[in-house]
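Participant: Here the sequence shown is numbered in the numbering used here, starting from 2 and rising by one per residue.
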Amino acid sequence: MVDITKVRAIDIHTHAEEPCGCHTDDGYDDLQSTMAKYFRAPWEHPPTVPQTAQHYREQNIAAVIFPVDAERETGYRRYNNEEVAELASENDDVLIPFASIDPWKGKMGVREAKRLMRDFGIKGFKFHPTMQGFYPNDRMAYDLYNAIEEEGGIALFHTGQTGVGSGMPGGNGMRLKYSNPMFMDDVAVDFPDLKIILAHPSFPWQEEALAVAQHKPNVYIDLSGWSPKYFPDILVRYCNSILKKKVLFGSDWPMITPERWLADFEKIAIRDELREDIIKGNAARLLGFDT
């Protein structure tokens with residue numbers, strides 16, 4: 002288990018990209034290489050989970066790690082949740098396992114979610130409405146949310162524009178409309194005990210995300226996917242005030258390294274007394290670690 006007292010930070014948002022990127026026939030490699038250029042990432046092919054663990058071990062940072070199941074909408078074969086959980090277990094000094102289930106899988110997905118939380122120690126689930134092709138408040142996803150809520154899990158949703166498909170013809174079929182964070186307001190109302198994370202500065206809907214997180218006690222915001230030097234002023238202002246206990250460090254590894262994010266975070270106008278909570282304390286409490 003991660004010793005939360007020894008790590009310097011908790012990265013709430015990292016991706017497990019292998020081995021789902023090893024199939025040349027489904028287009029996933031092309032998507033990844035285009036995204037790497039978009040984010041100026043320092044690699045040609047995504048790192049494996051053990052390589053990710055080693056990087057975070059060297060940085061003395063714990064990481065929540067997850068795949069993205071978007072098989073139905075994209076055709077990209079998913080990374081098996083059990084395999085990710087097993088690899089995380091082998092590196093549990095730094096890795097905290099989340100999973101991903103396409104909500105379109107219905108009852109099959111509900112059964113899988115319960116099994117993963119009960120048998121594999123999965124703490125939460127990643128949803129990507131743009132990649133999975135659904136509005137977060139679509140009732141077809143509600144049985145899955147209910148299962149996660151009942152088991153005390155966390156639901157982390159991509160929000161805002163995405164680097165996925167950016168610059169590719171037609172955005173590689175990605176429809177940005179699904180990831181407006183205002184749709185999450187319905188989910189927060191209908192599942193008041195479900196812990197929800199809105200991932201990323203939610204361009205072009207930043208104020209909507211801030212409003213939902215401020216209004217709903219069960220909604221948090223992670224700061225992944227952007228270098229902090231590009232954060233809009235209103236986001237920094239809320240980090241320094243009414244959302245100071247509800248914002249979470251996230252890098253979006255492997256597109257952005259945690260050390261790059263943290264170095265840039267040091268240069269923005271965050272109150273010194275809040276920095277420890279933003280990079281570690283808030284996530285530790287949300288994940289149920291003693292601090």
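Cβ coordinates follow ideal geometry from the N, Cα and C atoms, glycine included.
Please state if the CB of Glu83 and the CB of Phe121 are separated by a distance shorter than 8 Å.
Facilitator: Result yes, Cβ atoms of Phe121 and Glu83 sit closer than 8 Å.
Participant: Specify whether the segment 176 to 188 and the segment 130 to 141 touch according to this definition: at least 3 beta carbon pairs, one from each stretch, less than 8 Å apart.
Facilitator: Yes, the segment 176 to 188 touches the segment 130 to 141.
Participant: Given a cut-off of 8 Å on the beta-carbon distance, is the pair Ile155 and Ile102 in contact?
Facilitator: Cβ atoms of Ile155 and Ile102: not closer than 8 Å.
Participant: The alpha helix (DSSP H) that contains Phe184, what's its start and end?
Facilitator: Phe184 -> alpha helix (DSSP H) spans Phe184 to Asp191.
Participant: Classify Asn283: buried if its beta carbon has 16 or more other beta carbons within 10 angstroms, exposed otherwise.
Facilitator: Buried: at least 16 other Cβ atoms inside 10 Å.
Participant: What whole-angstrom Cβ distance do Arg78 and Glu87 have, given they're in contact under 8 Å?
Facilitator: Going by Cβ atoms, the distance from Arg78 to Glu87 rounds to 18 Å, so no, they are not a contact pair.
Participant: Buried or exposed: Thr6, going by 16 or more other Cβ atoms within 10 Å of its Cβ?
Facilitator: The residue is exposed, with fewer than 16 neighbouring Cβ atoms inside 10 Å.
Participant: Between the beta-carbon of Leu195 and the beta-carbon of Glu152, is there less than 8 Å?
Facilitator: It is not a contact, given that the beta carbons lie outside the stated cut-off.
Participant: Terminal residues of the continuous beta strand (DSSP E) containing Pro98?
Facilitator: Start and end: Leu96 to Pro98.
Participant: If you drop the 5 nearest sequence neighbours on each side, which residues of the same chain put their C-beta closer than 8 Å to that of Leu275?
Facilitator: Once the five neighbours on either side are set aside, the close Cβ partners of Leu275 are Cys240, Asn241 and Lys245.
Participant: When the Cα of Asp186 is compared with those of Val213, Gln207 and Met169, which residue comes out closest?
Facilitator: It is Val213 whose Cα lies nearest to the Cα of Asp186.
Participant: I'd like the list of long-range same chain contacts for His159, defined as Cβ closer than 6 Å, with 5 residues on each side in sequence excluded.
Facilitator: These residues qualify, in order along the chain: His129, Ser180 and Ala200.
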